[in-house]
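S.K.: Position 382 of the sequence shown, counted from 1, bears residue number 371 in the working numbering, the numbering being contiguous throughout.
From the three backbone atoms N, C-alpha and C, an ideal C-beta is built for every residue, glycine too.
Handing you a structure now.
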Amino acid sequence: MNKLVLNSESLNNVLENKTISRQETIEIYQHAIKDPRELFSVAHNLRKKFKKETVTFSKKAFFNIVNLCKDTCTYCTYKAEPEDTKLSLMSKQQILELLQLAKKYKCVEALFVTGEKPEQKYPEAREWLKKNGFKSTVEYLTHASELALELGLFPHTNAGNLNFEEMRELKKTNVSMGIMLENVSDRLTERGMPHYLAASKRPKTRLSILENSGKLKIPMTTGILVGIGETIEEIIDSIFAIKQLHQKYGNIQEVILQNFQPKQDTIMKNNPSADENYFKTIVALSRIIMPEMNIQIPPNLSPKSYQSFLSIGINDWGGISPLTPDFVNPEFSWPEISKVDENSKNAGFDLKCRFPIYPEFFSFISKELRDKMSVIEDREGLVKEEYWR
Ligand code: SF4
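So this is what it looks like as structure tokens:
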């Protein structure tokens, strides 16, 4: 049988609910990179089958709690040094004020972000914690999350590699949590590679954090960063690693596919952006590997073409903030929600606002959190229009 027939056969199998192997995925990629039409069409059909005509987003405010970080990823512009003007050490008062503003803007999600274990490396972080009356960043995050809930916002924390106890604590106040897998390749942690100086990004470590989130039944957002020097096998292995975690624990609520964009103040500033055709092929491959998964691309990182991703498998735009920048990609402002709405409609999809937890995972969280959500929740488990428009 020739390769072309095999490719079509494998794709048809996915449509008939059969799983696809790593080797079949590599062969589909090799064909699709020359002619992606068949792959895109199958990805689109799967998306329609499992996600209908809806595309979701989460209306959020981004709380850059502390951007000191003990690691260094060579693509990261989020991380600050104590002397940098972009240093962020939010006080309790600043958090409160931003929460109040977020409520005024009808945000639903409070996204709390920190660097990796800042207090382990920086005296400035230890001083900041002490000044605000906390012993650890996690204790501070717990306080911020409680405050968010009191004001009617729903916390989602991404604070790097938290241990089991820390995650268990944050589960009480966070409807979901996030940590990017980035990639399962050990090669990308070797000297000269993007994760060489980032112990927290060792694949084994990251996978163990995700395993812990599974054991704790935390609805989890994870994802991969595309275009940082990986091979296609490494990307496919990363998507399969996420799939396997989800098969084992059932707690991966969404997969973010993020296309690399070089940042001027980073070591990787001269590396090219992820090629759009390559990125699109990976998006479509993700849909065929995980047909029922919630798959997200950030619209601000593909400002001219994000709506075209709707026809190749995605069903979510992630968090969009009407009031705070994307501190991870500060040069790319989020599109206006009304524009995303219009562009989604033009592509044949209805934009709806979700909570930072997808409805399929509501049973994972406490009754207290569910009761708070029910105030603004519609019959589909999404946010009633009057609470976000
Ligand atoms: S990507 Fe995360 S772990 Fe890496 S340097 Fe930036 S803040 Fe630190």
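With DSSP as the reference, label LYS160 as helix, strand or coil.
M.R.: Locating residue 160 in the sequence shown gives position 171, where the first residue counts as 1. Note: LYS160 maps to helix in three-state DSSP.
S.K.: At a cut-off of 6 Å, would you count ASP73 as near the ligand NAD, judging by its Cβ distance to the nearest heavy atom?
M.R.: Because the ligand NAD does not appear in the structure shown, any question about it cannot be addressed here, the ligands present being the ligand SF4.
S.K.: For ASN53, write down the residues that DSSP places opposite it in a beta bridge.
M.R.: Along the sequence shown, read from residue 1 onward, the residue named residue 53 stands at position 64. DSSP, once it has assigned bridges, lists VAL102 as partnering ASN53.
S.K.: As a quick exercise: from LYS361, ILE346, MET169 and SER300, pick the residue whose alpha carbon is nearest that of LEU35.
M.R.: On the sequence shown, position 46 is the one that residue 35 refers to. Comparing Cα-Cα distances from LEU35 to each of LYS361, ILE346, MET169 and SER300, the minimum goes to SER300.
S.K.: Is the distance from the Cβ of GLU223 to the Cβ of ASN147 below 7 Å?
M.R.: The residue labelled residue 223 in the question sits at position 234 within the sequence shown. The residue labelled residue 147 in the question sits at position 158 within the sequence shown. Contact flag unset, no.
S.K.: Is the separation between the beta-carbon of PHE153 and that of VAL215 shorter than 7 Å?
M.R.: Residue numbering aside, residue 153 sits at position 164 when the sequence shown is read from its first letter. Residue numbering aside, residue 215 sits at position 226 when the sequence shown is read from its first letter. Contact: no.
S.K.: Go ahead and label LYS237 buried or exposed: buried means 16 or more other beta carbons lie within 10 angstroms of its beta carbon, across all protein chains shown.
M.R.: Residue mapping note: residue 237 aligns to position 248 of the sequence shown, counting from 1. It is exposed - the Cβ of LYS237 has fewer than 16 other Cβ atoms within 10 Å.
S.K.: If you pair each beta-carbon of the stretch 328 to 340 with each one of the stretch 65 to 77, do three or more pairs fall below 8 Å?
M.R.: Judged by Cβ distances under 8 Å, the stretch 328 to 340 makes no contact with the stretch 65 to 77, as fewer than three pairs qualify.
S.K.: Compute every distance between the C-beta of GLU369 and the non-hydrogen atoms of the ligand SF4, then say whether any falls below 6 Å.
M.R.: In the sequence shown, residue 369 corresponds to position 380, counting from 1. Not so, every heavy atom of the ligand SF4 lies at least 6 Å from the Cβ.
S.K.: Buried or exposed: where does GLY122 fall if 16 or more other Cβ atoms within 10 Å of its Cβ makes it buried?
M.R.: As a working mapping, residue 122 is identified with position 133 in the sequence shown. It counts as exposed.
S.K.: Within the stretch 267 to 326, note down every full alpha helix (DSSP H) run reaching 4 residues or more, in order along the chain.
M.R.: Counting only runs of 4 or more, we get nothing.
S.K.: Can you tell me the Cα-Cα spacing of LEU290 and GLN250, whole angstroms?
M.R.: Counting from 1 along the sequence shown, the entry for residue 290 is found at position 301. Counting from 1 along the sequence shown, the entry for residue 250 is found at position 261. Cα to Cα, the separation comes out at about 8 Å.
S.K.: Shortest alpha-carbon distance to ASN185 belongs to which of ILE271, ASP367, ARG359 and MET257?
M.R.: As a position in the sequence shown, residue 185 is number 196, starting the count at 1. The identity of residue 185 in the sequence shown is Tyr, whereas the question assumes Asn. Closest option to TYR185, Cα to Cα, is MET257.
S.K.: Between the alpha carbons of ILE221 and ILE15, how many angstroms are there, rounded?
M.R.: Residue mapping note: residue 221 aligns to position 232 of the sequence shown, counting from 1. Residue mapping note: residue 15 aligns to position 26 of the sequence shown, counting from 1. Between ILE221 and ILE15, the C-alpha separation is close to 8 Å.
S.K.: Confirm the yes/no value for this check: CB of CYS58, any heavy atom of the ligand SF4, distance under 6 Å.
M.R.: As a working note, residue 58 is residue 69 in the sequence shown. Answer for CYS58: yes, Cβ within range of the ligand SF4.
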